[in-house]
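In our numbering, the protein residues as written are 7 to 456. Every residue gets a Cβ at the ideal spot worked out from N, C-alpha and C, and that includes glycine. Structure first, commentary second.
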Ligand SMILES: Nc1ncnc2c1ncn2[C@@H]1O[C@H](COP(=O)(O)OP(=O)(O)OP(=O)(O)O)[C@@H](O)[C@H]1O
Ligand SMILES: [Mg+2]
């Protein structure tokens, strides 16, 4: 739970201070009273109050002169000026000096509570906005696309060309090829970059929930719809909505999605009216969409609407030239990857591997390698099933019973590692050895096929 908001009351009227402090205490706020400018300056420095109730006439001067000190202590502090001599000029001056709100004496306690609540809410919204802005800056940084192959250059050229458009883009490609990343890049490369980018995974939610999530709900639409809620289409208005695994969307919703794309307006669940939206849709699927249409999963009319602009991400095995730059890029970003490099012969081996999990698999293997490494060089190929025990290591006929003991152990460790999806802790538990022993054993394996 966050700590209670701090309120500083500055007024030479002690009775008034007392009254307000009690009232705010009952509302769950922490209030401190001061009666002079000097005292308030000292308290503000110590407490960094969120809200300050400021009387403009104090025994040692004008309350407004305190504002720069208050804002220095907490630049997000909300100052509410309370004056016994209201005038329009006064109010304008006060706003210019950085006052957030303005009340006149005698103060109505109910009104005071409302004003304080509103000031705190404004502060909260400002904080949320700051966090969102920082997150979107981080996202923009992490939307860099890496690749040098001819196939990749074509993808990048399409991103640049499509970013400026407003029509939907259909992004296809196997799992882990970078479809979600590509959607982010298209958003941040275009004129909508400063507007929201929201995402929904159409396979992850049951039908009723996706409908409410995407299109919103009108209060009273069904039992439980206690308040009106905007859907992602409306929240992302002016920005981008990324619909992942769009072929998994239930068919009735596909029809609704199509009508939003055609008409540019959404109707919330249970509502009679439509709201215009200018949200751009990017959709992804890892099923080939033509197959999804043929099997009746994806509506043909929606497919035609989404397929206006199309980008296909080729699997990593078809663009091995991208593997070295991807490794360098990912190693820079993975903790503690800075300064780590591939050991000799690794590049050649990694280019030979078929990467069924594409770039995501490459990233996971590098991450595991970094965890196991001793020096600056890593040997990710040793963690790949296909290279861990080259066929040549097996005796003719592939009979395991004829393997030397250490080879058999290596084979067994890799089988368990695979069964545990590469999770070292689980593997060590299954094998009945400690994590450090497992790490040592993996590290000490001879380099395969270099
Ligand atoms: N060209 C690239 N440059 C840099 N990083 C990449 C690239 N392609 C993929 N990645 C990284 O690989 C990982 C997997 O990519 P992403 O999640 O975008 O794949 P996806 O195609 O959306 O997978 P899924 O179908 O499972 O949703 C991410 O960490 C992403 O940042
Ligand atoms: Mg994805």
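From residue 97 to residue 108, what distance separates their C-alpha atoms? Straight-line Cα distance between these residues: approximately 7 Å.
Helix, strand or coil for residue 370, going by three-state DSSP, please let me know. helix
Only counting the same chain, and skipping five residues up and downstream in sequence, which positions put a Cβ closer than 7 Å to that of residue 371? 386, 389, 390
What separation, rounded to the nearest whole angstrom, lies between the Cα atoms of residue 448 and residue 199? 45 Å
May I ask you to check if the CB of residue 436 is nearer than 7 Å to at least one heavy atom of ligand 1? no
Regarding residue 366 and ligand 1, is the C-beta to nearest heavy atom distance less than 7 Å? yes
Please work out which residues of its chain come closer than 6 Å, Cβ to Cβ, to residue 173, disregarding the five sequence neighbours upstream and downstream, and give them in chain order. Same-chain partners within the cutoff: 314, 315.
Within this structure, are the beta carbons of residue 13 and residue 85 separated by less than 8 Å? If you check the CB distance, residue 13 and residue 85 do not come in under 8 Å.
For the alpha helix (DSSP H) containing residue 73, list its first residue and its last residue. 73 to 79
How big is the Cα-Cα spacing for residue 276 and residue 225? Roughly 8 Å between the two C-alpha positions.
Please state the DSSP three-state secondary structure of residue 84. strand
With C-beta atoms as the reference, is residue 87 less than 8 Å away from residue 60? yes
Shorter than 7 Å, the distance from the beta carbon of residue 181 to the closest heavy atom of ligand 1, or not? yes
Validate contact between the region 202 to 221 and the region 159 to 174 using beta carbons, cut 8 Å, 3 pairs: With the cut-off at 8 Å, the region 202 to 221 and the region 159 to 174 do not touch.
If we ignore side chains and look at the alpha-carbon of each, how far apart do residue 270 and residue 247 end up? When only Cα atoms are considered, residue 270 and residue 247 end up about 13 Å apart.
Taking contact to mean at least 3 C-beta pairs separated by less than 8 Å, is the region 343 to 354 in contact with the region 178 to 191? Segments in contact, no.
Starting from residue 282 and walking both ways along the beta strand (DSSP E), at which residues does that stretch end? 280 to 282
In chain order, what residues have a CB nearer than 7 Å to some heavy atom of ligand 2? 185, 186, 250, 290
In the DSSP assignment, find the unbroken beta strand (DSSP E) run with residue 37 in it and report its ends. Start and end: 36 to 40.
Identify, in the order they occur along the chain, each residue of the same chain with its Cβ nearer than 7 Å to the Cβ of residue 380, setting aside the five sequence neighbours on each side. 449
Please classify residue 62 as buried or exposed, where buried requires at least 16 neighbouring CB atoms within 10 angstroms. buried
Using a Cβ-Cβ cutoff of less than 6 Å, which residues in the same chain neighbour residue 210 once the five nearest sequence positions on both sides are dropped? Cβ within range, chain order: n/a, list empty.
Grab me the residues of residue 115's own chain with a C-beta within less than 8 Å of its C-beta, minus the 5 sequence neighbours each way, in chain order. Within the same chain, residue 115 has close Cβ partners 25, 26, 29.
Return the residue from the list 215, 281, 241, 236 that minimises the CA-CA distance to residue 201. If we check each option's Cα against that of residue 201, 241 comes out closest.
Could you tell me which of 446, 336, 262 sits nearest to residue 366, measuring between CA atoms? 336
Beta-carbon separation (whole angstroms), residue 287 vs residue 264, contact threshold 8 Å: Rounded, the Cβ-Cβ distance is 11 Å, inconsistent with contact.
Residue 318 Cβ short of 7 Å to ligand 1 heavy atom set: no
Start-to-end residues for the alpha helix (DSSP H) that takes in residue 435: 430 to 437
To the nearest angstrom, report how far apart residue 33 and residue 228 are at their CA atoms. 33 Å
Under 8 Å between the Cβ atoms of residue 317 and residue 188? yes
Can you give me the Cβ contacts of residue 133 inside the same chain, cut-off strictly under 8 Å, excluding the 5 residues immediately before and after it? 82
Taking the continuous beta strand (DSSP E) assigned at residue 313, which residues delimit it? It is not in any beta strand (DSSP E) - residue 313 carries neither H nor E in the DSSP assignment.
Starting from residue 96, follow the alpha helix (DSSP H) in both directions and report where the run begins and ends. Run containing residue 96: 94 to 102, per the alpha helix (DSSP H) assignment.
May I ask you to report which of helix, strand or coil DSSP gives residue 63? strand
Which whole-angstrom value is the C-beta distance of residue 129 and residue 169, which I expect to be below 8 Å? Incorrect: roughly 36 Å between the Cβ atoms, too far for contact.
Grab the span of the beta strand (DSSP E) containing residue 269 for me, first residue to last. Here residue 269 belongs to no beta strand (DSSP E); instead the alpha helix (DSSP H) covers 257 to 269.
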